[in-house]
Amino acid sequence: MTRALELVVSGVSLGGIYALLAFAFSLTISTTRILNVAHGVLFVWGGAVFVIFSQKLGLHPVLSIVLLSVVFFLFAVAFERGIVRPLLGRSAHRLLVGSIMATFGLGLSMESTLGYAWVTYVDPYPVFSSSLAMFPVTLGTVALSGSRLVILGFVLVTVTAFHLFLQKTFLGKAARAMAQSFDGFLVIGLNPYRLSLILFTLAIIATAISGAFYVLAVPLNPYDGLPLTLKAFTVVVLAGVGNLPATLVAGAVLGIAEVSTSQFLGTIWAPAVSLTVLFLVLVVKPTGLFGKGLQ
Amino acid sequence: MRRKSWLIGMALMLIGLGALLSVFPSGAPAQPREIKIGGTMAITGTFSVEWGPKAKQFMEEWAAMVNERGGVFVKEANAKLPVKLILYDDGSNADRAVELYERLATTDKVDFFTGPASSPITIKASTIAEKYGIPMVTAEANSPAIFARGFKWLVGADRPAPQWAEDYYAMLKTLMDGGAMPRLKTVAVVQENTPHTMDVGWGGTNRANIAGLTVVTTETVPPGATDFSAIVGKLKGLNPDLVYVAAWAGTGVAFAKQAFELGLKPKELHIPHSTITEKYYSMVGASIGEGITGVTHEAHFKKGDKDAYFALRKKVGLTGFDAGWTSLRFIALEALTKAIEQAGSLDRAKVMAALKALHYETLHGELAFGFGLEVAGKKVDGVGNKIVYPAQWQNGKIEVIWPKELATSRYRPRM
Amino acid sequence: MIALIGVLVLALLPLVLSSTFVLVMFLSFVWLVLTANYDVLDGFLGQINLGQGAFFGLGAYVVTILLNVGTVQTLGRFAVVLATLVALAVTALFAAVMAFPLFRLRGFYFAIGTLILIFLLQVFALNLTALTGGAYGAYVPPAFFMNALVGYYLALGLAVLSLALNYYLARSTLGLAFRCIKGDEDAARSLGLDPMKYKITALVIASVPSAAAGVLFALNSGFIDPGIALGVERSLLPSLMALLGGTGVVLGPVFGTAIVRIIETVVFHYLRLPVPSMLFFGITLLVVALFIPEGLLKSPRITRVKLFGKLASY
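Protein chains in written order, with our numbering: chain A, 33 to 327; chain B, 402 to 816; chain C, 1417 to 1730.
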């Protein structure tokens, strides 16, 4: 019984990590309709920059996060101006294809730059992880990973905040309206470019900060970007695109599935199980467990 | 508008034409005969994490050093000939590596090959060496699979990975017999599903008897695995004295972190790749890192051309134990030049014969390539004898703890 | 016709090219096959198929596994033919079976569904060590190695075949049916077409040449492992190449493949700048995406030039 409880607990805490990976991605797709293939790369950059600030420069973690936000704010502005804006006005199919190609190109460029820059300027081994949140936690007889608890906490808070933002605030509602129909949105008279800038900036910063939290528990290297984007895809599709709270549930479902598979079939089969779960959900309910689907 | 598309079209055609034209052999002006050594390196891409731009830099600095000394003496030419190193980036892509090795053989017409990074790429590259009869000396490649194909043009400086555990377990036995370490009885092996780490794990499982240990389980994880919660749970139940983690450094970080947080505290935690980079400690933190043992290629070498070696490392900006494969690269390249000197010629067959018979003192001692050996159930030829040195994280630093000649500290029990 | 001249030039190239470029072209033909097959789904059915790599890898693995079986080896020369036929049959069957669950999906979800195929196959290749060699990979016995020149011509032939297939589809009732379904599936159904039957046909058609490409690749390279045969690039690059060249246009894949391969070759074989090679690639993609997102042969800016316009009309 304890073992079963342990598995569920491990699964949920792993789910926190998956939700961390996915929520900003869901936010990006649902609010800007840009499929950001470079999501994982940005995530990795967030982790890298955080390690540089907190480990190499020895800055306080909170200060590191603040500086990180500034850096990625600037990046987001450049990204939005340079890539998002030219793509925004296009038809749905062109937007999808264009955003995939453009962000893929951006992602490739960014990851190879990080790989090279790290080895040239930071240290000879481009793998980064932070040891700031390492502590064991025990709930009765069940052991928990402290760093994952921190991540879970962060994800819960952030997802709730974004959910409330999208549902309750004027800006959030405007964002959902724009995602639903770009032309319809123009009729209202609001400036879509300014709104897309705000949304995009929020999503990018959220992604980078997520990466910073991720490296508290898991090490990253510059070339992890694309696989992580695909993993984020899995979680988002499972949850239903745009449904942020659902990413927590989807993450937990995948986490429990993987941990159980590791326990009973062997860890080498865990990836196959995630993929199969996703495939089954797609075939049975393509819009995801809770989703309304991609408009 | 028309101008722009015309320009794009012309640019594309020119690039294509340029590529095509470079195919034709150019009439090169007469130059002093150079010893051309060629190879590819994972300078970018997934394998570049372990190798990367530093590998290229190190090898280029080596070539510069050799040329500063005047070159390699070749009796047939009755002169010291300079070395020309031609290195390409294969981007960690096997298809590309094959194209580039073919290029090195036929277009660049190199005399000898150096080995690339990673098992699959080395397997492919050595096939080209064998096809054209070009001697290839690999540095880090140490999977028996690479050397068990009956190839005649291949040798490698590193000792096969399945044998890494032998040195470690031999150390354990000595320490336990001498009372410097509590008697361990059981071992659990965790191995990552890539050729190198599976080889290391094989050793962990099949050589445990050297130290009188019983293997309670061998768990395999997918490449780049990040979640070990189920395995840690299982291991806590089995309570092994030693946990042997055959994984790449990053994966080893993830394991150590989760083992710590979930309360797995074996008497001895051995993660071979944890002492292969100075970064490991800062990634896991002091409470986890202290006392973890691993192995390293690097040490304060006392023999061979050690001064030149350390000067090279310094030049490339490498300190401490980082990029330990530099010792293997150095030895591999050095062996090649020694073989050329002994053969007295640049004739490939003669140099290959000289390589196979080579015995000289290098950084780690007497170098020799082994033939007809059995490793992990395979008959291998051309494997090297550079061993790895058991090491331990002590006070935030990597200390070699075995063998005595190179040890900078003694083994310290974790608890 | 331009096409015949092109093929003739390519057929004569090995006489002047170095063995390196024969290899580069061989691999380019393999990519072209995958890209052209991808376009059967994208250009004609309007579905983004990220599973081409799965067909390629399946073909490569089946042929390699079979050629290592004792009883197959006793067939001598015929062993390769038999193993190839089995590889093609297995892949076609796989495509037919997977088509049922996959075609319940549309658009973005279909793309994800097909992408899952290649990942799943890679996990199986990695884990079923007794069958596939696992992480250590599988070797083609030296007796069955394919000569580089033979490989070149077979790959060229296969590429021409794949493009001819698209050419035929562009002009046949089958292709017309595909495009009906792409345009409006319900309307097509009302005309009496069974969309499911055509979708399955499309996927099976698109799987066989790719599997054959996988077979050629395996026989030519002698060694495959899960990363080489089933790496995700085998699925992603064909779609990228098709998008770059222009989907739904017969010669689109040729240009897309050519652009990518030329950039790749120039960057890795010639330019040896101290900056990472992938950077060029990434920047090119970015530029193309922003300026000619429809693809080379579908972009009005390009097709205005008479030569390109003519090529696009095939």
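Even glycine gets a Cβ: it sits at the ideal position worked out from N, Cα and C.
Chain-ordered neighbours of Ser1435(C) on chain B, where CB pairs are closer than 7 Å: For this step, residue 1435(C) is matched to residue 19 along the third sequence. Under the 7 Å cutoff, chain B gives Glu503, Thr507.
Opening and closing residue of the beta strand (DSSP E) in which Glu800(B) lies: Translated into the one-based positions of the second sequence, residue 800(B) becomes position 399. Element bounds for Glu800(B): 798 to 801.
8 Å Cβ shell around Arg811(B) - same chain, five flanking residues per side excluded: Within the second sequence, numbered from 1, the residue matching residue 811(B) stands at position 410. These residues qualify, in order along the chain: Ala581, Ile802.
Segment contact, 8 Å Cβ cut-off, at least three pairs: the segment 647 to 659 of chain B with the segment 232 to 246 of chain A: no
Chain C within 8 Å of Glu462(B), Cβ atoms only: The residue labelled residue 462(B) in the question sits at position 61 within the second sequence. False, the Cβ-Cβ gap to chain C never drops below 8 Å.
Cross-chain neighbours of Tyr246(A) in chain C, by beta carbon under 7 Å: If you number the first sequence from 1, residue 246(A) lands on position 214. Going along chain C, no residue has its Cβ under 7 Å from Tyr246(A), so there is no contact; the nearest lies around 21 Å.
Outcome for Val313(A) when other beta-carbon atoms lying within 10 angstroms are tallied against a minimum of 16: The residue given as residue 313(A) occupies position 281 in the first sequence. With 16 or more Cβ atoms within 10 Å of its Cβ, Val313(A) is classed as buried.
DSSP three-state assignment for Ile436(B), whether helix, strand or coil: Stepping through the second sequence from its first residue, residue 436(B) is reached at position 35. Ile436(B) falls in the strand class under three-state DSSP.
Cβ of Ala300(A) within 8 Å of any chain B Cβ: For this step, residue 300(A) is matched to residue 268 along the first sequence. Per the sequence presented here, residue 300(A) reads as Ile, with Ala not at that position. Chain B contact via Cβ: present.
Reduced DSSP secondary structure (H/G/I, E/B, other) of Tyr812(B): For the purposes of this step, residue 812(B) is identified with residue 411 of the second sequence, where counting begins at 1. Three-state result, Tyr812(B): coil.
Chain B within 8 Å of Ser161(A), Cβ atoms only: Within the first sequence, residue 161(A) is the residue found at index 129, counting from 1. Interface residue, yes.
Classification of Phe656(B) by the beta-carbon crowding that lies within 10 angstroms, buried from 16 upward: As a position in the second sequence, residue 656(B) is number 255, starting the count at 1. It is buried - the Cβ of Phe656(B) has at least 16 other Cβ atoms within 10 Å.
Below-8 Å beta-carbon distance, Ala546(B) vs any chain C residue: Residue 546(B) sits at position 145 when you count from the first residue of the second sequence. Ala546(B) counts as touching chain C.
Own chain, CB closer than 8 Å to Ala1551(C), minus 5 neighbours either side, in chain order: The residue given as residue 1551(C) occupies position 135 in the third sequence. The residues are Leu1542, Thr1545, Asp1641, Pro1642.
Short CB-CB distance (under 8 Å) between Asn1563(C) and chain A: On the third sequence, residue 1563(C) is found 147 positions in, with the first residue counted as 1. Closer than 8 Å: no.
CB contact flag (Val1446(C), Pro1625(C), <8 Å): Numbered from its first residue, the third sequence carries residue 1446(C) at position 30. Numbered from its first residue, the third sequence carries residue 1625(C) at position 209. No, the Cβ-Cβ distance between Val1446(C) and Pro1625(C) is not below 8 Å.
Residue range of the alpha helix (DSSP H) that includes Ser162(A): Here residue 162(A) corresponds to residue number 130 of the first sequence, with the count starting at 1. Here Ser162(A) belongs to no alpha helix (DSSP H), and DSSP marks it neither H nor E.
Min CB distance Pro318(A) to chain C below 8 Å: The residue labelled residue 318(A) in the question sits at position 286 within the first sequence. Answer yes: the Cβ-Cβ gap between Pro318(A) and chain C drops below 8 Å somewhere.
Unbroken stretches of the alpha helix (DSSP H), 4 residues or longer, contained in the segment 58 to 127 of chain A: 71 to 83, 93 to 111, 117 to 120
Same chain, Cβ closer than 7 Å to Tyr761(B), five either side skipped, listed in chain order: Reading the second sequence from its first residue, position 360 is the one you call residue 761(B). Excluding residues within five positions, the ones whose Cβ falls inside 7 Å are Lys739, Leu768.
7 Å Cβ shell around Gly103(A) - same chain, five flanking residues per side excluded: On the first sequence, position 71 is the one that residue 103(A) refers to. The residue asked about is misnamed: residue 103(A) is Val in this sequence, not Gly. Within the same chain, Val103(A) has close Cβ partners Val81.
Cβ shell of Cys1596(C) (< 6 Å), same chain only, five flanking positions each side left out: Position 180 of the third sequence, counted from the start, is the residue given in the question as residue 1596(C). These residues qualify, in order along the chain: Ala1604.
Closer than 7 Å at the beta carbon, the chain B residues around Gly178(A): In the first sequence, counting from the first residue as 1, residue 178(A) sits at position 146. Correct list: Glu662.
Cβ-Cβ distance between Gln592(B) and Ala647(B) below 8 Å: In the second sequence, residue 592(B) corresponds to position 191, counting from 1. In the second sequence, residue 647(B) corresponds to position 246, counting from 1. Result yes, Cβ atoms of Gln592(B) and Ala647(B) sit closer than 8 Å.
Any non-hydrogen atom of the ligand GTP closer than 7 Å to Ile1679(C) Cβ: This structure lacks the ligand GTP, and indeed carries no ligand of any kind.
Distance between Glu735(B) and Met753(B) (C-alpha atoms, nearest Å): Numbered from 1 along the second sequence, position 352 holds the residue referred to as residue 753(B). Numbered from 1 along the second sequence, position 334 holds the residue referred to as residue 735(B). Their backbone Cα atoms lie some 14 Å apart in a straight line.
Beta-carbon gap between Phe55(A) and Leu276(A) smaller than 8 Å: Position 23 of the first sequence, counted from the first residue, corresponds to residue 55(A). Position 244 of the first sequence, counted from the first residue, corresponds to residue 276(A). Yes, they are a contact pair.
Separation of Leu248(A) from Glu38(A), as counted between CA atoms: The sequence position of residue 38(A) within the first sequence is 6, counting from 1. The sequence position of residue 248(A) within the first sequence is 216, counting from 1. Glu38(A) and Leu248(A): Cα-Cα distance of roughly 22 Å.
Below-8 Å beta-carbon distance, Met1612(C) vs any chain A residue: As a working mapping, residue 1612(C) is identified with position 196 in the third sequence. No, because no Cβ of chain A sits closer than 8 Å to the Cβ of Met1612(C).
Contacts of Leu1536(C) in chain A (Cβ-Cβ under 9 Å): Here residue 1536(C) refers to the residue found at position 120 of the third sequence. The contacting residues are Pro303, Ala304, Leu307, Thr308, Phe311.
When Asp1458(C), Pro1430(C), Phe1472(C), Leu1424(C) are compared against Gly1647(C), the one with the closest alpha-carbon: Looking up residue 1647(C) in the third sequence gives position 231. Gly1647(C) has its Cα closest to that of Phe1472(C), out of Asp1458(C), Pro1430(C), Phe1472(C), Leu1424(C).
Segments of 4+ residues assigned as alpha helix (DSSP H) that fall wholly inside the segment 723 to 806 of chain B: 726 to 744, 749 to 757
Chain C contact for Ile732(B) (CB, 8 Å cutoff): Against the second sequence, residue 732(B) aligns to sequence position 331. By this cut-off, Ile732(B) is not an interface position.
Val1485(C) versus Pro596(B) - alpha carbon distance: As a working note, residue 1485(C) is residue 69 in the third sequence. As a working note, residue 596(B) is residue 195 in the second sequence. Approximately 23 Å between the Cα atoms of the pair.
Contacts around Val633(B), its chain only, beta-carbon distance under 7 Å, and the 5 residues preceding and following it disregarded: Residue numbering aside, residue 633(B) sits at position 232 when the second sequence is read from its first letter. So the list reads Gln659, Ala660, Leu663, Leu665, once near-sequence residues are dropped.
N- and C-terminal bounds of the beta strand (DSSP E) containing Tyr645(B): Here residue 645(B) refers to the residue found at position 244 of the second sequence. That run of the beta strand (DSSP E) goes 643 to 647.
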